[in-house]
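S.K.: Protein chains in written order, with my numbering: chain D, 2 to 331; chain W, 2 to 331; chain S, 2 to 331; chain V, 2 to 331; chain Y, 2 to 331; chain E, 2 to 331. A single structure is presented below for examination.
There are 6 protein chains.
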Amino acid sequence: MKDIYITDLAAFDEGKLFNSFFLVLAKQQRATKTNKPYLNLILGDKTGQLEGRVWDLGDPRIAKDFERGDIVKVRGSASRFDDRLQLKVDQLRKAAPAEVDKTDLLPSTTYDVAALWRGLESSVQSLTNPDLKRLLNAVLADPAIAQAYREAPAARQLHHAWLGGLLEHVVSLLGLAEKVAAHYPQLDRDLLVTGVVLHDLGKIRELAWETGFDYTVEGVLLGHIQMGVDLVEKTIAALPDFPPRLRTLVLHMILSHHGKLEFGSPKLPMIPEALVLNFIDDLDAKMQAMKSEFEKSAREGKAPDELTGKVWALDNRQLLNTKAWLEGEK
Amino acid sequence: MKDIYITDLAAFDEGKLFNSFFLVLAKQQRATKTNKPYLNLILGDKTGQLEGRVWDLGDPRIAKDFERGDIVKVRGSASRFDDRLQLKVDQLRKAAPAEVDKTDLLPSTTYDVAALWRGLESSVQSLTNPDLKRLLNAVLADPAIAQAYREAPAARQLHHAWLGGLLEHVVSLLGLAEKVAAHYPQLDRDLLVTGVVLHDLGKIRELAWETGFDYTVEGVLLGHIQMGVDLVEKTIAALPDFPPRLRTLVLHMILSHHGKLEFGSPKLPMIPEALVLNFIDDLDAKMQAMKSEFEKSAREGKAPDELTGKVWALDNRQLLNTKAWLEGEK
Amino acid sequence: MKDIYITDLAAFDEGKLFNSFFLVLAKQQRATKTNKPYLNLILGDKTGQLEGRVWDLGDPRIAKDFERGDIVKVRGSASRFDDRLQLKVDQLRKAAPAEVDKTDLLPSTTYDVAALWRGLESSVQSLTNPDLKRLLNAVLADPAIAQAYREAPAARQLHHAWLGGLLEHVVSLLGLAEKVAAHYPQLDRDLLVTGVVLHDLGKIRELAWETGFDYTVEGVLLGHIQMGVDLVEKTIAALPDFPPRLRTLVLHMILSHHGKLEFGSPKLPMIPEALVLNFIDDLDAKMQAMKSEFEKSAREGKAPDELTGKVWALDNRQLLNTKAWLEGEK
Amino acid sequence: MKDIYITDLAAFDEGKLFNSFFLVLAKQQRATKTNKPYLNLILGDKTGQLEGRVWDLGDPRIAKDFERGDIVKVRGSASRFDDRLQLKVDQLRKAAPAEVDKTDLLPSTTYDVAALWRGLESSVQSLTNPDLKRLLNAVLADPAIAQAYREAPAARQLHHAWLGGLLEHVVSLLGLAEKVAAHYPQLDRDLLVTGVVLHDLGKIRELAWETGFDYTVEGVLLGHIQMGVDLVEKTIAALPDFPPRLRTLVLHMILSHHGKLEFGSPKLPMIPEALVLNFIDDLDAKMQAMKSEFEKSAREGKAPDELTGKVWALDNRQLLNTKAWLEGEK
Amino acid sequence: MKDIYITDLAAFDEGKLFNSFFLVLAKQQRATKTNKPYLNLILGDKTGQLEGRVWDLGDPRIAKDFERGDIVKVRGSASRFDDRLQLKVDQLRKAAPAEVDKTDLLPSTTYDVAALWRGLESSVQSLTNPDLKRLLNAVLADPAIAQAYREAPAARQLHHAWLGGLLEHVVSLLGLAEKVAAHYPQLDRDLLVTGVVLHDLGKIRELAWETGFDYTVEGVLLGHIQMGVDLVEKTIAALPDFPPRLRTLVLHMILSHHGKLEFGSPKLPMIPEALVLNFIDDLDAKMQAMKSEFEKSAREGKAPDELTGKVWALDNRQLLNTKAWLEGEK
Amino acid sequence: MKDIYITDLAAFDEGKLFNSFFLVLAKQQRATKTNKPYLNLILGDKTGQLEGRVWDLGDPRIAKDFERGDIVKVRGSASRFDDRLQLKVDQLRKAAPAEVDKTDLLPSTTYDVAALWRGLESSVQSLTNPDLKRLLNAVLADPAIAQAYREAPAARQLHHAWLGGLLEHVVSLLGLAEKVAAHYPQLDRDLLVTGVVLHDLGKIRELAWETGFDYTVEGVLLGHIQMGVDLVEKTIAALPDFPPRLRTLVLHMILSHHGKLEFGSPKLPMIPEALVLNFIDDLDAKMQAMKSEFEKSAREGKAPDELTGKVWALDNRQLLNTKAWLEGEK
């Protein structure tokens, strides 16, 4: 287990030695102005990232066999240079997978993943439409899918951008979907739930989260909407006698869930359930983005009743924390 | 009370005499090709409208003192001309307000207005924030406002375009708002409820519904957002010690509820409650528009599992009735 | 075979009896102003459409068993009413498929379909990339696909909106693609040819052309891009060891061929071949639309050197026929 | 009075001691690379801003009781570091309001504010419509409004962004409005003048100019259009028998003066006076922005006949100073 | 001279014979339902247009040699058919140019063209920049240009769409330009005046006004901006030693006067004079469009204090006549 | 001839003396932190740019008479400062034009300009339309035009931004135009070829390439479309009896070649040849931009099968090199 995190180092004495695990985010050989060569590393864990330098390239205590994306065990000391912390690396070796929990190295949901998963499964088991139920069961029965569904972030940057973020977002949506379905009796609740569970399934292929969060090349070329439709289509094809019209509606929910062509949905929502899915998906993402923004504002030392800066992901608007602002009046 | 409606006349024998009340939607003198003058009327009731003709302009049984917007009692007979029904008017007089219920003459909510109103009031009484509660109580205590709030349509054409439509829309939103507030604990539920009750208040000034649904001149020049802000500001100004920050947030909810500058909101939603209000308002309007569209499609004789035509109010997309379409597969 | 077409009837004597085959585009019972019931039909063939009326509903010579979409044999006479031709129907019966060639009843390519098909096949056989070649061979080996590919229009209205239009458009693109591939050596010619053959494959599912040209419900909900990707994915899945990266590129070509998100492509072209496909597809459609517009202008009696009206499908611009205009100067 | 300005310091000998007043724009404790703590200040006056450092945090000659936004008296010396001037602060104390003129600390109009104000008042007194005249008199009779109207900038950054900028802009508009009203006899000159005086009134609430130019939180949430309408509505409500239609038109002028929904006006100009107000307001702002841009270009050492850089506030176009460019040809 | 206008005919007895001159706007042979051939004409004068019919095609009193665009003398009588007036033509011959004033046949400015022209000339003579003065004198010295400048409409439909409309618009702009130049001393008044005189010069080539108002083919292909630049460039090329920079600025004023790329200006205004020209041109066009709209509203029988319909040329907004509306309150 | 280029210096020993020619891109006097004055130069050649410093301003071996835009011969040595190379200048003098080839100092086409020019000329000589042929011959017969046409870049930054880039782009388009003209028999091939040769002619006036690539002031104010039309119009005016309609079409091709108003074309393409010109011009520019982007990606050390970064000139999309990516799979 990892016990020293990057945010801890700010409080360290300069030069004090310590050991810890990091993810290698970048690795490059460079030279100083006086032409002294060194190895420059960007090391990360779930709390942030840090520049590290190896000054003696031939030192046998520095492994040669590691690359960008590997987890390494490092011994060294931190010091401040130009107001930024820098790590002097004395020893470095590749770590074995078992030595460290990947969730220590990347930001990760604050919820209990097992509990979230049980929430997802209980929604699936509550379906009364037998075709939709066997579809969802078939999708989640695939161990590779289930594992990825538990781990994937919901996005690279905009909202829920942490391990487990996809599952956290879907479970929040399931709760919201139940409430909206109860409010509008014309809705087919089972179809809506199915749409919620499957709408972002393609993200498990579009995104990679081994070495920081990034898009796969296939993800950039095809997109999670198409990748999700493909996964679902292949599952349906393997289910005997799945009703063709129901298949069309399930695929339509995935295709249209971004709500506008210019957001990458090739079709607008044309059935009530697709309309609701688009609204609650967008609302939940924005509510989470607002929450993250207030937390970031606090981290950056703003008073709780100040406006945030302009938020790119929310059309450059500024945001205000209602409760903190009202509190500030009392 | 009115007992014969325009939609009933299609089943009538041509030439059979009847009496009924109508709203005068237009009144114009014209002449036939052979230069015979006649009085042309457009008469309406809650089921539709009809062309009527008075052929003997000097007949003493035809009143002279009525205008567009008046309610009249008519005696005459219907016949078909060029596949359209036309009314030959034999007698006509202005009706007294007591003779007929205005809700018979304009389309009107199918819900019980008294029950809707009780729903609204019970939401108001459930508030725990004393300032918001006294604000809403003060607004609804004004009898002119309360009366208009019960009667106003929510729009001229797009959604809930019937008497009581505003109240029906708000009560639906209150139910939805409770659910969303329960889902996101960071929301100030009382502020959200207040926003729901007040967001379209200005429509009681922007719209006129005496003689068909139309905009007032003041409504066109100022808009319901500004008109609602004005009503609320004046109410707040009369409440002692209303907290200034809370006032700002309430006004911000009204100003921003259309969600985009190009939809007439001069500000984007910047607090979580304003974001939610914008989403549920838009969702409820679109859910209602979809429902109306399916009903219209049925009225026009389409099969229940056909697509509707392109719907202007929903970005020209076509719609499909999920349940009917799945039903059609069985 | 059909020997009298709708455009021929304008030259007929009023009241002269004739026999011919038509497609039933609409069928409705109506009544005259004097309440006389009749059967109203819209009948079509490849040259246009015509209103027909059956006055004696009980006449045994009028079949009861036909519907919208059926081909019928009619005996009757034409006369002019209000400057429009109308058909008085005396006898009517459903036709057997063998009695008439469907291409007589819907507009149809002026090219020889067999020759177009040979052009397509020779392009496929010319591929040197074995994987792409077996992919295209597998797609076209499916008899249902091959049959539909020969028949489908390329669009409902905008360009190549006739039977065989899809094939005609693809064969024109194949010629253009060869030329562009010869010009830019960096292009993978086989991938480009594959993209041309497959880009609109989904139209065989999106469109229906039995009874006029229309979209299927599935087509409206999913779109031809998704439907084409699905057909290709399933074909690839059945081919052993198809290279995954090549699969991604083929799908990307289909997904991105509309060139912009707002035109329904969920991805922009990101490889040179996809860029070229988007350009030549758009260019060929617009060249065809211009040609059709000049023909329409001529049919409407405009002088060859006049501007056309504003063309909706070309951003409302007017068009000018270069050659005719220059000719007009001599 | 302040006699040494930031722009003067560039010509100073390094290390020479001086005293002056500054506005504290930022105050933060920091540490050097070698962990030596210091107090970092951003100090401003009307000519620019400067970084200052206090190295001995415990020095009793450095006051503890000052904050961002305070005016301070400083004793210190300037030196150049990395090509930028830096101030070493030896003594610092809060200044009393009477010691320094705020206009020395923030950029300020180059016109005589008293003369501008007389110009505004003489426009008001020239009105012949008694209702508009008493409205404007009532607004300007409020001492808090009058004081703020004299001081407020017209914007934070784009145009007239200096103390007195609002008044300067309005007085320029009054001159222009008279000319346009004389040109178009259909205009109601008094209504136009009233619109000019009131259109940006809300800026006295939307902006804060005590400590640099910034938006208030209320300003960000409500905007100056709504804030101005509110001030005017409350003034009108206190005037007996103000004609309702005239009130509507005055409010419409304020609401619509940005000319487009996407610029934050919830209504488009619908009367000739509102159209003119929108045009002259926009023109005057752009003429001023061009002038400022030419001055900035000169300050940055460009030749007078060069193009400016791309100007963000003018759709990224470059600008050319007509007179200077033609001069350059002679 | 023409003494009976189309608007006069509404008051005529049906069948009463009269003689008058008309412009032939369309000429087509047609047949009735009963196949009786007739000649259908659309005849126009400055007050409107009217359908005319010639029933006896062989009648020697009906000339054969006239075409669309000719002026004809007609003898006939009017009668009402389906509520529209129709002219029965008994005699018809081509008129000689001298028989009728073309301004009787097309709508035409209500101002005195000679006075407008003197206004234009006096502006030109007031210039102090000798180069700009000789440029304008050279342009207006061309008799074909001068004649067309006096006659041309300013647009086909949107504003000043009548004979002399271009000149009327320019003279109004000259007055406005003087006022704005007096207000902003930084403006080069002579350059602005030059821009006003030349900005729409190309309309004399873009538009045709012999037979109704229409675009020429060259006008559609090149546009009045390019056509005006061409006329001015050729004039400048013939002037010895015209300063090249001044030439560039004059051309830039013409090129940029629409103010936005999407309005057909290939360049944005980059000098103060071009900015002002764009604003006053747009303002004057919109003021005129508002005035026309109020007149049209009155003609259509709306009360003076009603809103107009939605005006396409003004972004679909409704308009209100300030003075009439305030009057309505008294 | 120049034998040491800026990219060579990275491999040099620090401090080793060398001589070379450079273009002076900027020249400014500055001072160090310790107030030591020095002359700062930005020097460029076709491989890049470099900062140079002259420390002894009075040294007689440093010429005083050079300016931005001059070519200079420099003697000095390079060293690394803060990871960037810097040049210490010991001697500097203005170079004579004959000493160095300008193409060594600016990036330049990799094709043989003489061969490209022969390609252009042979296209011109192949025309069969005598009017178009004499037009192109007349344009290219002007030695100043011909010289500039050989040298000009096609753009400042986006595509073909190197000496000879315009000619290289045009010759590529000529090849493509022949192919497209062969494919669509309705095209007037000679008109298309003419459009290709002339469409960007104005760039020889819009751009300057003496001292780096930049826009001229006239170019910014008028644009290459207008400047090209002007050059062509003047050439046509000098040709006896050039057919007016043909002139209109040639000008229309130039005016409309950007394809959209918002891209600076004041007219949309309205003839088939203009449509094709717009498509192939855009396609060739984008194909070249893709190629440059792949080269840049390689230069920056990306693996050949990685995606590029987001490319601003291609709507911020990422790009993938098809061949390299497929290669990476083998």
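Glycine residues also receive a C-beta, built at the ideal position from the N, C-alpha and C atoms.
1) Taking all protein chains shown into account, decide if Gly219 (chain W) is buried (16 or more other Cβ within 10 angstroms of its Cβ) or exposed.
2) Under a Cβ-count criterion, where at least 16 other Cβ atoms within 10 Å of its own Cβ denotes burial, should Thr323 (chain D) be classed as buried or exposed?
3) How should Asp143 (chain S) be labelled, buried or exposed, when 16 other C-beta atoms within 10 angstroms of its C-beta is the threshold for buried?
4) How long is the line joining the alpha carbons of Arg81 (chain S) and Ala155 (chain S), rounded to whole angstroms?
5) Can you check which of these residues, W:Lys103, W:Ala96, W:Val75, W:Gly265, is closest to Phe19 (chain W) by C-alpha distance?
6) Using the beta-carbon of each residue, which ones in chain Y are nearer than 8 angstroms to Leu10 (chain S)?
7) Using the Cβ count rule (16 or more neighbours within 10 Å means buried), how would you classify Asp282 (chain S)?
8) Anything in the region 279-297 of chain D with a Cβ closer than 8 angstroms to a Cβ of chain W? List those residues in chain order, please.
9) So, is Lys47 (chain S) buried or exposed, given that buried needs 16 or more other C-beta atoms within 10 angstroms?
10) Give a yes or no on whether the minimum CB-CB distance between His253 (chain V) and chain W is below 8 angstroms.
11) Under 7 angstroms Cβ-Cβ, which residues of chain V neighbour Val221 (chain E)?
12) Just the chain Y side, please: which residues come within less than 7 angstroms of Leu44 (chain V) by C-beta, in chain order?
13) Any beta-carbon of chain E closer than 8 angstroms to the one on Ile226 (chain Y)?
14) Report the neighbours of Pro267 (chain W) on chain V: residues whose CB is nearer than 8 angstroms to its CB, in chain order.
15) With DSSP run on the structure shown, which of helix, strand or coil describes Pro273 (chain V)?
16) Rank Y:Leu133, Y:Leu44, Y:Gly165 by C-alpha distance to the C-alpha of Glu234 (chain Y) and give the top, closest one.
17) Grab me the residues of Pro38 (chain V)'s own chain with a C-beta within less than 8 angstroms of its C-beta, minus the 5 sequence neighbours each way, in chain order.
18) Would Val101 (chain V) pass as a contact of Ile72 (chain V) if the rule is Cβ separation under 8 angstroms?
19) Are the C-beta of Val218 (chain Y) and some C-beta of chain S separated by less than 8 angstroms?
20) Need the endpoints of the alpha helix (DSSP H) that Gln126 (chain E) sits in, please.
21) Kindly provide the ranges of any alpha helix (DSSP H) runs that are 4 or more residues long and lie completely inside the region 193-263 of chain W, ordered along the chain.
22) Expressed to the nearest angstrom, what Euclidean distance is found between the alpha-carbon atoms of Ile205 (chain D) and Leu42 (chain D)?
23) In angstroms, rounded to a whole number, what distance separates the CA positions of Val140 (chain Y) and Asn130 (chain Y)?
24) Counting only C-beta atoms, is Pro273 (chain E) closer than 8 angstroms to chain S at any point?
25) Using a cut-off of 8 angstroms between C-beta atoms, extract the partners of Thr249 (chain V) located in chain W.
26) On the three-pair Cβ rule with 8 angstroms, is the region 159-168 of chain W touching the region 115-127 of chain W?
27) Under 8 angstroms, with one C-beta from each stretch per pair, do the region 286-300 of chain E and the region 254-266 of chain E reach the 3-pair mark?
28) Does Asp91 (chain D) have its Cβ less than 8 angstroms from a Cβ in chain W?
M.R.: With the structure as the only source:
1) A small fix is needed here, since residue 219 (chain W) is Glu in this sequence, not Gly. Buried, because 16 or more other Cβ atoms sit within 10 Å of the Cβ of Glu219 (chain W).
2) Buried, because 16 or more other Cβ atoms sit within 10 Å of the Cβ of Thr323 (chain D).
3) By the neighbour-count rule (16 or more Cβ atoms within 10 Å), Asp143 (chain S) is not buried but exposed.
4) Cα to Cα, the separation comes out at about 35 angstroms.
5) Of the candidates W:Lys103, W:Ala96, W:Val75, W:Gly265, the one whose C-alpha sits nearest the C-alpha of Phe19 (chain W) is W:Val75.
6) Per Cβ cutoff of 8 angstroms: no residues; Leu10 (chain S) is ~14 angstroms from chain Y at best.
7) Buried is the call here.
8) Those would be Phe280, Asp283, Leu284, Lys287, Met288, Met291, Lys292, in chain order.
9) The residue is buried, with at least 16 neighbouring Cβ atoms inside 10 Å.
10) Interface residue, yes.
11) Think of a sphere of 7 angstroms around the beta carbon of Val221 (chain E): the chain V residues whose beta carbon falls inside it are Leu308, Gln319, in chain order.
12) The contacting residues do not exist; Leu44 (chain V) stays about 34 angstroms from chain Y at best.
13) Chain E, which has a Cβ nearer than 8 angstroms to the Cβ of Ile226 (chain Y), makes this yes.
14) Result: Gly224, Ile226, Gln227, Gly265, Ser266, Pro267.
15) Collapsing the DSSP output to three states places Pro273 (chain V) in a helix.
16) When only C-alpha atoms are compared, the closest one is Y:Leu133.
17) Excluding sequence neighbours, Pro38 (chain V) sits near Gln30, Arg31, Ala32, Leu58.
18) Yes, these two residues count as a Cβ contact at 8 angstroms.
19) Judged by the 8 angstroms Cβ criterion, Val218 (chain Y) is in contact with chain S.
20) Where Gln126 (chain E) is concerned, the enclosing alpha helix (DSSP H) stretches over 114-126.
21) The region 193-263 of chain W is shown to contain whole alpha helix (DSSP H) runs of 4 or more residues at 204-207, 218-238, 245-257, in chain order.
22) Those two C-alpha atoms are separated by around 28 angstroms.
23) Taking the straight line joining both Cα atoms gives about 16 angstroms.
24) True, the Cβ-Cβ gap to chain S drops below 8 angstroms.
25) Simply Val218, Glu219, Leu222, Leu223.
26) With contact defined as three or more Cβ pairs closer than 8 angstroms, the region 159-168 of chain W and the region 115-127 of chain W are in contact.
27) In short, these stretches do not touch, since the Cβ pair count stays below three.
28) With 8 angstroms as the cut-off, Asp91 (chain D) does not count as an interface residue toward chain W.
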